[in-house]
Each structure stands twice: as C-alpha cells, then as structure tokens.
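Read in the UniProt record's numbering, the sequence shown has 137 at position 137, and its numbers run on one by one without any break. We treat Cβ as the ideally placed atom computed from N, Cα and C, and that holds for glycine.
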Amino acid sequence: MMSQLLYKYFLQKTNLDHVITMGSSADDPYFEEIPENELLFYQRKGAKRRRKLPSYIPKHDLKILNSVKNKAYALDLQLSLCGLRIGWSAIIGLIPIIGDFFAFYLAYLLVRKAKKIEGGIPKSLETEMMANVMFDFGIGLIPFFGDFINVLYKCNSRNFILLEKYLVNKFQNKLESVNGGNINDRKANNDKVKPPAPPPRNNQPVYNNV
Numbered sequence: 001m002m003s004q005l006l007y008k009y010f011l012q013k014t015n016l017d018h019v020i021t022m023g024s025s026a027d028d029p030y031f032e033e034i035p036e037n038e039l040l041f042y043q044r045k046g047a048k049r050r051r052k053l054p055s056y057i058p059k060h061d062l063k064i065l066n067s068v069k070n071k072a073y074a075l076d077l078q079l080s081l082c083g084l085r086i087g088w089s090a091i092i093g094l095i096p097i098i099g100d101f102f103a104f105y106l107a108y109l110l111v112r113k114a115k116k117i118e119g120g121i122p123k124s125l126e127t128e129m130m131a132n133v134m135f136d137f138g139i140g141l142i143p144f145f146g147d148f149i150n151v152l153y154k155c156n157s158r159n160f161i162l163l164e165k166y167l168v169n170k171f172q173n174k175l176e177s178v179n180g181g182n183i184n185d186r187k188a189n190n191d192k193v194k195p196p197a198p199p200p201r202n203n204q205p206v207y208n209n210v
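Right, dumping it as structure tokens:
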C-alpha cells in the first residue's frame, strides 16, 4: 500500500501520473474472477483463474500472443516480495548498469516477438511499445529509486496489453464484417425470391393449359 502511494506521489510530481495504471482492476490482463456458477466446491467467491485469450484470433498469432503473455508475466509479476508483485526483470535490474542493459534487452526481445505476428505490427504500435521499453530503461538507470519505479511500471505487461488490444480489434472487426456480410447476403437473396402468386378467387375461373 505504502509503495503504491509513494509511486503515485512521484508520478504526480513529475507529470507522469498517466502511467500509474495499465487498466482497471476489473481488466486484469492475466487473471479473471470465476463466476459463482462455475466455482468448484473448494473455491470461494472472488477466486480467480487465468484469463483465456480470444479464440477468434488465428492460431499463429494466438501462439505469438500467448508467448508474449507468459514472458511478460515472468519478467514483471512472477515473484512476490512483501506483498508486492515483482518479476525477474526487477531482480536483474538490481545489478548495477549491466542489469539495466540486460533487462532492456529482454524487453526488446519481447517487442521483436510481437512483430512476428502475421503481417507484423503497425509502426505506430512498435513506436509505442519501444517508448515503454525506453522509459523503463531510462528510469532504471537512477540508482535504487529507478529500480523501484521499474517494479511498478511493468513495461512488458503494458506491451502485452497493447498487442492483445491490437489483435482483438483487428480480428473482431473482421469477424463482425464477415457475419454482417453473411446476414446481408441472406437478406439480399430473400429479396430476390418472388412470393408465389395468390390463389384465384372463387368467382374467377381457373384455366388449365392444354
């Protein structure tokens, strides 16, 4: 709790308070609360499980996204220290100079991994990801306090979130356009089918073709 307050105070004083959150607590990128009707007998209300990635993302891109997710979690949140979640990146960063460069390299590798999705990532997205990496590296060069900020900034998790949002928007829109197109096609075909002629009235004679 105290660490979060110190972090927020520092960011506000340096006009960097916009980086304090990666998302709301209800939008945890790694875990989700289990619905009450899906709880097992030994689980209590509020128990969490690993969040599943969207199934409509193609297999190749889903594999890349899952790899980025697992590596980001290991680098940012794998360990717990006095109630604060930290990752291997924070441990490595404690090594003066060399640790910061190695942590930077690991974060850079994650961005390179993200670029391997089908068609690559947009330049704007790559720039945003690298900005996270550079901020993390630059602030980490400040002895002790920089390492503290790095622990809470979690640049790798931020980049995972950016990649997931990009893929979700990309393929969700495609899915909606395909489904919408199918509905429109069915509607157009139905419009082309002419309704059958009404039956003759009782007072009208019916002629048979000879």
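Hey, residue i and residue j are a contact pair by Cβ (cut 8 Å); roughly how many whole angstroms apart?
| i | j | result |
| --- | --- | --- |
| Val68 | Ala114 | 6 Å |
| residue 211 | Leu75 | Residue 211 is absent from the structure shown; the chain starts at 1 and stops at 210. |
| Arg51 | Glu32 | 4 Å |
Counting only the same chain and skipping the five closest in sequence on each side, list residues whose C-beta sits under 7 Å from that of residue i.
| i | result |
| --- | --- |
| Leu162 | Leu125, Glu128 and Met129 |
| Gly146 | Ile139 and Gly140 |
| Gly93 | Gly99, Asp100, Ala103, Gly140, Asp147 and Asn150 |
| Leu65 | Leu53, Ile57, Leu163, Glu164 and Leu167 |
I'd like the span of the alpha helix (DSSP H) that includes residue i, first residue to last.
| i | result |
| --- | --- |
| Lys113 | Ile98 to Ala114 |
| Ile126 | Per the sequence presented here, residue 126 reads as Glu, with Ile not at that position. Residues Lys123 to Gly140. |
| Ile149 | Phe145 to Tyr153 |
| Leu75 | Lys59 to Asp76 |
Name the DSSP beta bridge partners of residue i, please?
| i | result |
| --- | --- |
| Leu84 | Leu81 |
| Phe31 | Arg50 |
Could you tell me the boundaries of the beta strand (DSSP E) in which residue i lies?
| i | result |
| --- | --- |
| Lys48 | Lys48 to Arg50 |
| Phe41 | No beta strand (DSSP E) contains Phe41, which DSSP labels as neither H nor E. |
Ignore the nearest five residues each way along the sequence and tell me which others in residue i's own chain have a CB closer than 8 Å to its CB.
| i | result |
| --- | --- |
| Met22 | Reliability of the predicted coordinates at Met22 is poor, the pLDDT of 48 falling under 50, and the value obtained from them is presented with this limitation in mind. Excluding positions up to five away in sequence, the list reads Pro29, Lys154, Ser157, Arg158 and Ile161. |
Quick one: any contact between the region 81-93 and the region 150-160, if contact means 3 or more CB pairs under 8 Å?
yes
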